[in-house]
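Going by the working numbering, the first residue of the sequence shown is number 8, and it counts up by one from there.
Backbone N, C-alpha and C fix where the C-beta goes; we use that ideal spot for every residue, glycine too.
Notes follow once the structure below has been shown.
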Amino acid sequence: MQLVHEHIDVWQWRLAMTGSSLLGIAVFLLISRVLLIVDRHIRTFAEEWEFEQSRRVKLRHGSRVYRLTEPLIDELCETRLMKLFGIDRISLAISRGGDPLPWKAKEFISVSMMESLLLFLAIMLFGSGFTSVLICLAAGLLFSAVFLRASLKSVCRKADRRIELIQRRLPFGIDLISLMMRAGAGFRDALATVVSESGRHPFADEFYRVLSDVSHGKTLHEALSDLDQRLRSDDVREMVFAIKKSEELGTPLAEIFSNLADQMRLRKSQWAEAAAGKAQIKIHGPQLIIMVACMLTILAPFIFEGISTYL
8 MQLVHEHIDV
18 WQWRLAMTGS
28 SLLGIAVFLL
38 ISRVLLIVDR
48 HIRTFAEEWE
58 FEQSRRVKLR
68 HGSRVYRLTE
78 PLIDELCETR
88 LMKLFGIDRI
98 SLAISRGGDP
108 LPWKAKEFIS
118 VSMMESLLLF
128 LAIMLFGSGF
138 TSVLICLAAG
148 LLFSAVFLRA
158 SLKSVCRKAD
168 RRIELIQRRL
178 PFGIDLISLM
188 MRAGAGFRDA
198 LATVVSESGR
208 HPFADEFYRV
218 LSDVSHGKTL
228 HEALSDLDQR
238 LRSDDVREMV
248 FAIKKSEELG
258 TPLAEIFSNL
268 ADQMRLRKSQ
278 WAEAAAGKAQ
288 IKIHGPQLII
298 MVACMLTILA
308 PFIFEGISTY
318 L
């Protein structure tokens with residue numbers, strides 16, 4: 008009997024040693040991988056251009072998750088997982104959204120994934136004391152997936168809303184520029200006035216950036232091309248195209264903006280008609296419900312009277 012116990016103790020010791028060895032190997036491989044990632048990140052950062060280093064510094068100051076997990080985010084950006092999230096769509100949304108942080112699409116997706124991972128770990132850590140591990144696992148996966156989807160959807164909705172605000176303000180801005188240029192003002196002065204009059208509107212932010220680019224050495228043609236690439240809006244593209252053509256053909260900008268203002272007024276009326284049509288469609292359902300409710304209110308006494316007479 009004693010021999011059997013000794014045999015069992017030997018096997019328990021061997022299993023414990025095997026488990027400890029495997030755990031040690033796993034920790035060693037994990038630490039080696041992390042150190043390799045950090046070393047590669049440091050060497051890559053040393054070889055980057057000054058602009059890229061400046062961009063990363065802004066991201067570190069603006070995002071705590073990026074600052075703490077930057078090497079892992081760089082590795083995650085190179086994985087095939089990025090293809091699952093629609094990089095072009097997120098890139099367009101970031102460009103249109105006017106985020107003060109200079110995100111790239113893959114970096115933004117990776118940071119959102121890291122945030123969802125942290126949410127999953129928090130649910131597993133704090134929820135395991137109140138319920139089973141399987142329930143915590145399911146809840147963590149569900150909430151982290153919902154959080155990731157909501158993060159990516161929110162940046163797209165914000166970009167769409169911002170573009171809509173810019174397009175609504177554009178006719179007023181072009182009209183004001185046209186009036187000022189007819190009065191003898193230059194294009195930059197007129198644009199600066201429009202920016203100051205627009206306050207904190209997204210329209211003012213974008214055209215202030217145009218003025219800033221010009222003041223930092225870019226030509227007006229380059230600054231407007233950058234504006235077109237950022238927003239990718241048909242109305243903005245039409246305005247930029249008209250200004251470029253006026254420079255090439257020598258047409259006075261005042262005349263160009265006068266024509267643009269007329270076109271924008273017509274388009275504004277078309278937008279109003281389209282919005283009225285959409286609103287009319289949306290209120291058809293409530294109108295029908297109200298009509299049925301009114302009919303029931305009027306006919307209910309007669310219906311109950313007929314039922315009581317029949318019974």
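| Check | Outcome |
| --- | --- |
| CA nearest to the CA of Ser117, picked from Leu231, Ser222, Ser158 | Ser158 |
| Spatial neighbours of Ile184 in its chain, beta-carbon cut-off 7 Å, leaving aside the 5 residues before and after | Ala197, Leu198, Val201, Phe264 |
| Nearest residue (CA-CA) to Arg244, options Ser139, Asp235, Lys252, Ser98 | Asp235 |
| Local Cβ density within 10 Å of Lys160, reported as buried at 16 or more and exposed below that | exposed |
| Residues of its chain near Met271, where Cβ-Cβ distance is below 6 Å and the 5 sequence neighbours each way are ignored | Pro178, Ile181 |
| Minimum C-alpha distance to Lys275 - residue among Arg103, Gly147, Arg175, Ser205 | Arg175 |
| Ala152, buried or exposed, once every other Cβ within 10 Å from all chains shown has been counted against 16 | exposed |
| Cutoff 6 Å; reference Ser253; Cβ partners in own chain excluding five residues on either side | Leu260, Ile263 |
| Buried or exposed by the 16-neighbour rule on C-beta atoms within 10 Å, applied to Phe127 | buried |
| Ordered list of alpha helix (DSSP H) runs contained in the region 68-121, each at least 4 residues | 71-84, 94-104 |
| 6 Å Cβ shell around Phe52 - same chain, five flanking residues per side excluded | Below a pLDDT of 50, predicted positions are generally treated as unreliable, and Phe52, at 49, falls in that range; the measurement from the model is reported next regardless. Nothing listed; no residue qualifies. |
| Short Cβ contact (8 Å threshold) for Leu108 with Ser61 | no |
| Whole-angstrom distance between Ile297 and Ile310, CA atom to CA atom | 19 Å |
| Exposed unless 16 or more other CB atoms sit within 10 angstroms - verdict on Glu213 | buried |
| Own chain residues within Cβ distance below 8 Å of Asp95, not counting five before or after | Ala112 |
| Backbone CA spacing between Ala166 and Leu124 [nearest angstrom] | 25 Å |
| Candidates Leu99, Leu218, Leu295, of which the one nearest Ile170 by Cα | Leu99 |
| When Ser135, Gly136, Leu91 are compared against Met120, the one with the closest alpha-carbon | Leu91 |
| Contact test: Cys163 Cβ vs the ligand COA heavy atom, cutoff 7 Å | As presented, the structure is devoid of all ligands, the ligand COA included, so that no description of it is given. |
| Cβ shell of Pro209 (< 7 Å), same chain only, five flanking positions each side left out | Gly105, Arg169, Leu172, Ile173 |
| His228 in three-state terms, based on DSSP | helix |
| Alpha-carbon spacing of Leu267 relative to Asp233, whole angstroms | 20 Å |
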